[in-house]
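Working notes, structure below.
Number of protein chains: 2
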Amino acid sequence: MDARDSMSNPAPILLSRRRLLAAGAVTLAGGTSAAQDAARELGPPRSPYGQRSPHETSARWFAPSPMPGSAASRTPLQDAVGIITPSALHFERHHAGVPALSPSTHELLVHGLVERPLVFTVADLRRMPSVSRIHFIECAGNSSREHEGRPAEDAQRSHGLLSCSEWTGVPLGALLREAGVRREAAWVVAEGADACRLARSLPIDKALDDVIVAYGQNGEALRPEQGYPLRLVVPGWEGNIHIKWLHRLQLSDQPAMSKDEAASYTDFMPDGRAQWFTFAMDVKSVITRPSGGQRLAATGFHEISGLAWSGRGRVTRVEVSADRGSTWQDATLSEPSLPKAFTRFTFPWAWSGRDTWLQSRASDDTGDRQPTREALVAVRGLLAGPDGFNHYNGIKAWRVRPDGTVSHV
Amino acid sequence: MDARDSMSNPAPILLSRRRLLAAGAVTLAGGTSAAQDAARELGPPRSPYGQRSPHETSARWFAPSPMPGSAASRTPLQDAVGIITPSALHFERHHAGVPALSPSTHELLVHGLVERPLVFTVADLRRMPSVSRIHFIECAGNSSREHEGRPAEDAQRSHGLLSCSEWTGVPLGALLREAGVRREAAWVVAEGADACRLARSLPIDKALDDVIVAYGQNGEALRPEQGYPLRLVVPGWEGNIHIKWLHRLQLSDQPAMSKDEAASYTDFMPDGRAQWFTFAMDVKSVITRPSGGQRLAATGFHEISGLAWSGRGRVTRVEVSADRGSTWQDATLSEPSLPKAFTRFTFPWAWSGRDTWLQSRASDDTGDRQPTREALVAVRGLLAGPDGFNHYNGIKAWRVRPDGTVSHV
C-alpha cells in the first residue's frame, strides 16, 4: 500500500539512472566535469558588513493593509533551514510604524508600585547582568485562516507570523529588583515608544520568571522592526506582548486593560464571549519542505523537514503521516531541543509519484499534543472576533499531486 | 584587598545617587520623563529583507594584504552578544577572492576510491537527509600575535578570526555512502572552486563522523564569503580545512599534500621542524566585555562577559581572575553548552576604580585547560613558520586603567 512503503527509507537515496551514467561518464573523462572548470575569478570587492548572494531572493511578505503605519510581514518558512530565523527575515507586526529611535537618547522608565522609580539608558542596561536564550515568537493570530477553513497557499502565508532568534538582554526580574517591587504590585504594564504607544500587561509572576529586556538579536543589536533599541521578550507567550521599542514599565495592582488586551488579542468563544489574557502559545508544528508552492522534480527520496514549537515547554515528539492521518511515525528531532524555541524535525520519505497528503503533529513536555482542526473547532467554534481567530494550533496538511506540485488541502 | 572585594556581587547593581534623584524627580513630575515624550513617527518604509539600524556600525576589519585576492576579515567580538555570529559579520579568510557562483550550475563531484562516482547539484543535496548544528570556526592562526608577544589592541584584532553559526547541510558520511567508499580509501581530498582551487585532505574517520556539506548558515543560504553555495564544515578543526565553494571530493589512499597542508597551516617547533595535520583547535576563551578599546564610564558594577570554545568537545568550566591570576572564580556558562560551539560566560564584577587585569581560562570535557602564554611558549618556542604561528590558545589579559580605558597587557 502506497502510504506504508512510502514511509520506508530507500537506498540509494536519490540516484536516478541518468545521474549515475552522467557521473560514470564524468570519471571516464578523467575525474572532472563541466562544473569543475568554473571560471577562476577573484569576485566582488571586500564587504565589511556582508550581504547575501544576488541569487538569493527569499523575502518577507507583507499582507495588504488598509491602514497607514499598520503592517504585518511574514517569514518565508518554506525557505528556512535549522532553527534560527535570519534577523532580516524575522516576521513583524506593527500597528503604528517602525520608529527610528536613537540608542543614545532612548530611556527605559521603571515606576509605579516600586521602592525606587528608575530610568535606565541603553548603556546602563549593557552593564547589567545579561542572558542569551533562543526563543520563538509567534503572533497570536498566526494561521488563523486555517481555523476559518480558508488555508493559505504556502507556509509563509499560512504560518509565517512566526520566527525564532537568539535574544540577549537583562532579565526583567533583575531590573525590577533594582527598583524594588512593592508587595501590592501584581502586574507590570509595558509600553512601547511607537506612535500608538502600544501597551500590554504582564502578571508579576511571569515578569519575575523568564522575561528578558532584550537589546540583542542573533549576535548583534535588535533590528528596527524588532523594537530597536529595546524590546520585551516574553518566552512562549503571544507575540503582541513582546513589547517593542520598550520605554516604560509601570508596576500596578491591576492590568491596564489596554486596547490590545481588552479588545484585540482576545479569544472569541462559541457563546459570543471573549477570553481575556490567554497568553501562552500552544504546541504546534508545520512541514516546511515539501510545502505549498514547491514542486517535487522527481519521484524517490525527499526528506520531509519542518518546525515544531511550544510556548509551554519543550517539544518532545513530532509524528508524521503520509496517508491522510491513518498512520503516524516518529520524526527525528534536532538537538538540542530547547524550551519555548523552534525544534527542527526531519523524516526520510520516498515519493512514489502518487497523490499524497503530508501532515505533522507535535507533542510537548506538558503532555499536550497538537489537535486536528475538527477537534479544535468543536471547542472554539467558528465565531471570530473583530481581528479574527487567535491561538489556532491545528494540524496542517500539504498535498503532493502526481505532477509534483504541492498545495494546501 | 582590591581583587577580592571587586569579585563580590554588590547591590544595588549600578545606581548612582544622581540617577536615583533623576528618577525620583521623574515620578514627582508624574511618571514621565523627557524620553517618554519621544516623537510619534511612523518611521521608514517597509523592508522585505531587513537592514540594521543606521546607528549600528559594527563591522568586519580587514588586515592590510599585499596580495590581490588574498584577504582576512575579523569579527568584531567586542560587540558580540550571545553565541551566534551574524552572517554579515562572520570572519573570512580567502586566498584567491570570493567567487560569484551560481547555485543552478554549481556541482559537487565525488570520485576517486568510490564504487559509483557521482555528481550532485545543489538541488540534489537539498533533497537529501539534513542536519543543523551550531559550531564555531576559528582560523588556525587566530591570535598568533599573542604567541609572538605583540598583542593587538582589541578583541577583534587579537581574536577575531573566529565566529560561530548554525550550519545546515548533508552529513558528508551520507554522501560518501551514496558513492560507496572503497576499503583502500583513507583520505578525502576536498577542493574549492575559488581561483586557487584551495584543497585540503581529511582522514576518512573524521569525514564519516561529524562533517557537514553545508548549504545553510543561520537560517538562510551560506553567504558568499562563507563558500556559497556549498562549503565543508569540519566541527572543531582549523578554519582552513572547512573548504569553501566546495566542488570536488576525491577519495584517496593518501593525503594530497596540498600547499595549505604541506607548507602553510603547519606548526613550527623549536627544533625547526613543522608538525603536519594538526587539525583540532584547542580549548580557549576571551573576555569580550570589557575588552581593549572600550572604556568604563563609571566605577561600580560591570558584568564581565566573554566567549569560550573547544574543538575537542564541550566547555565545562570558565574561570575569571581580576588580580593578575592570583585567584580565579567560576563564571556562569550559558545554556546549552554545545560541543565545538561558542559558550558565552558571564561574571558579576564591581570595578573599584583601581588598575586591574581581567583574565579568563577555559576547560573542556577532555580535561584540557587553557594554558598561560609562558607555558605554551615553553613547549612551542618562538620560531614562527612562514605564515606565523598556528594553534595558539593562551590565556588573554585585558588591563583596566584608573581612567576606565581598557587595553591589552
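Chains as they are written, first to last, in this note's numbering: chain A, 1 to 409; chain B, 1001 to 1409.
Each residue gets a CB set at the ideal place from its N, CA and C atoms; glycine is no exception.
Between the CA atoms of residue j and residue i - distance to the nearest angstrom
i	j	result
Gln254 (chain A)	Val189 (chain A)	9 Å
Leu176 (chain A)	Val110 (chain A)	8 Å
Asp260 (chain A)	Ala123 (chain A)	30 Å
Val1181 (chain B)	Glu1115 (chain B)	6 Å
Trp1061 (chain B)	Ser143 (chain A)	43 Å
Ala1174 (chain B)	Val1318 (chain B)	36 Å
Arg1361 (chain B)	Ser1305 (chain B)	13 Å
Trp167 (chain A)	Val211 (chain A)	11 Å
Leu125 (chain A)	Arg52 (chain A)	32 Å
Ala1298 (chain B)	Leu376 (chain A)	56 Å
Thr121 (chain A)	Ala179 (chain A)	14 Å
Gly1219 (chain B)	Ile1241 (chain B)	23 Å
Leu77 (chain A)	Pro386 (chain A)	27 Å
Ile83 (chain A)	Leu1382 (chain B)	44 Å
Leu108 (chain A)	Ala1039 (chain B)	15 Å
Ala384 (chain A)	His106 (chain A)	38 Å
Arg1401 (chain B)	Arg1354 (chain B)	7 Å
Asp1194 (chain B)	Leu307 (chain A)	35 Å
Tyr1215 (chain B)	Ile1134 (chain B)	14 Å
Thr57 (chain A)	Trp1276 (chain B)	42 Å
Trp1349 (chain B)	Leu1118 (chain B)	57 Å
Leu1113 (chain B)	Thr1343 (chain B)	39 Å
Arg1183 (chain B)	Lys1206 (chain B)	16 Å
Asp79 (chain A)	Gly1311 (chain B)	30 Å
Trp1328 (chain B)	Leu202 (chain A)	40 Å
Ile287 (chain A)	Gly141 (chain A)	19 Å
Val374 (chain A)	Gly149 (chain A)	The displayed chain sequence assigns Glu, not Val, to residue 374 (chain A). Straight-line Cα distance between these residues: approximately 10 Å.
Expected contact under 8 Å - CB spacing of residue i and residue j to nearest Å
i	j	result
Pro371 (chain A)	Gly388 (chain A)	In fact, because the Cβ distance is near 19 Å, the residues do not count as touching under 8 Å.
Leu1208 (chain B)	Leu1230 (chain B)	Leu1208 (chain B) to Leu1230 (chain B), Cβ: 19 Å. No contact.
Ser1104 (chain B)	Phe1136 (chain B)	About 31 Å; that fails the 8 Å criterion.
Ile1243 (chain B)	Arg1200 (chain B)	6 Å
Trp981 (chain B)	Ala1341 (chain B)	Residue 981 (chain B) cannot be examined here, being either before or after the span of chain B that is shown, 1001 to 1409.
Ala69 (chain A)	Gly43 (chain A)	The sequence as given places Gly at residue 69 (chain A); Ala does not occur at that position. Wrong, their Cβ atoms sit about 41 Å apart, outside the cutoff.
Val81 (chain A)	Met128 (chain A)	Not confirmed; about 34 Å, so no contact.
Ala331 (chain A)	Thr346 (chain A)	6 Å
Ala1055 (chain B)	Ser337 (chain A)	Checking the displayed sequence, the identity of residue 1055 (chain B) turns out to be His instead of Ala. About 36 Å separates the two Cβ atoms, so there is no contact after all.
Glu92 (chain A)	Glu225 (chain A)	4 Å
Thr1316 (chain B)	Ser1363 (chain B)	6 Å
Test item: CB-CB of residue i and residue j under 8 Å
i	j	result
Ser1073 (chain B)	Arg46 (chain A)	yes
Arg1314 (chain B)	Asp1368 (chain B)	no
Val406 (chain A)	Gly293 (chain A)	yes
Ser1165 (chain B)	His1090 (chain B)	yes
Gly1236 (chain B)	Met1281 (chain B)	yes
Glu1146 (chain B)	Leu1161 (chain B)	no
Trp1351 (chain B)	Ala1397 (chain B)	no
Asn390 (chain A)	Tyr228 (chain A)	no
Ser1334 (chain B)	Ser334 (chain A)	no
Glu238 (chain A)	Phe301 (chain A)	no
Gly325 (chain A)	Gln359 (chain A)	yes
Leu85 (chain A)	Gln156 (chain A)	The sequence shown places Thr at residue 85 (chain A), rather than the Leu named in the question. Against a cut-off of 8 Å, the Cβ pair of Gln156 (chain A) and Thr85 (chain A) comes out as no contact.
Ala59 (chain A)	Tyr1049 (chain B)	yes
Val221 (chain A)	Glu1041 (chain B)	Looking at the sequence itself, residue 221 (chain A) is Ala, so the reference to Val does not match. Their beta carbons are not under 8 Å apart, which means Ala221 (chain A) does not touch Glu1041 (chain B) by this criterion.
Ala1274 (chain B)	Asp1267 (chain B)	yes
Minimum Cβ-Cβ distance from residue i to chain E less than 8 Å
i	result
Val1400 (chain B)	No chain E is part of this structure, whose protein chains are labelled A and B.
### Query
Would you call the stretch 1237 to 1257 of chain B and the stretch 1186 to 1200 of chain B in contact, with 3 or more CB pairs under 8 Å?
Between the stretch 1237 to 1257 of chain B and the stretch 1186 to 1200 of chain B, the count of C-beta pairs closer than 8 Å reaches three or more; the two stretches touch.
### alpha helix (DSSP H) runs contained entirely in the stretch 231 to 284 of chain A, provided each spans 4 or more residues
Taken in chain order, the complete alpha helix (DSSP H) segments of 4 residues or longer contained in the stretch 231 to 284 of chain A are 259 to 262.
### Task
Please specify which runs of the beta strand (DSSP E), each continuous and at least 3 residues long, are wholly inside the stretch 1044 to 1076 of chain B, giving them in chain order.
The stretch 1044 to 1076 of chain B contains these whole beta strand (DSSP E) runs: 1071 to 1074.
### Task
Enumerate, from N- to C-terminal direction, the unbroken beta strand (DSSP E) stretches of 3 or more residues contained entirely within the stretch 201 to 236 of chain A.
Complete beta strand (DSSP E) runs here, min 3: 212 to 217, 231 to 233.
### Query
Looking at C-beta atoms only, is the number of pairs between the stretch 1283 to 1298 of chain B and the stretch 1218 to 1235 of chain B that lie closer than 8 Å three or more?
Fewer than three pairs of CB atoms, one per stretch, sit closer than 8 Å, so the stretch 1283 to 1298 of chain B makes no contact with the stretch 1218 to 1235 of chain B.
### Query
Can you list, in chain order, the stretches of the alpha helix (DSSP H) that have 4 or more residues and sit fully within the stretch 157 to 201 of chain A?
Assignment of alpha helix (DSSP H) within the stretch 157 to 201 of chain A, counting only whole runs of 4 or more residues, yields 172 to 179 in chain order.
### Message
In chain order, what are the residue ranges of uninterrupted beta strand (DSSP E) at least 3 long that sit wholly in the stretch 296 to 347 of chain A?
### Response
Within the stretch 296 to 347 of chain A, the complete beta strand (DSSP E) runs of at least 3 residues are 300 to 309, 315 to 321.
### Task
Could you pull out every unbroken alpha helix (DSSP H) segment of at least 4 residues lying fully inside the stretch 1073 to 1153 of chain B, listed in chain order?
The stretch 1073 to 1153 of chain B contains, as complete alpha helix (DSSP H) runs of 4+ residues, the segments 1122 to 1127, 1144 to 1148 (chain order).
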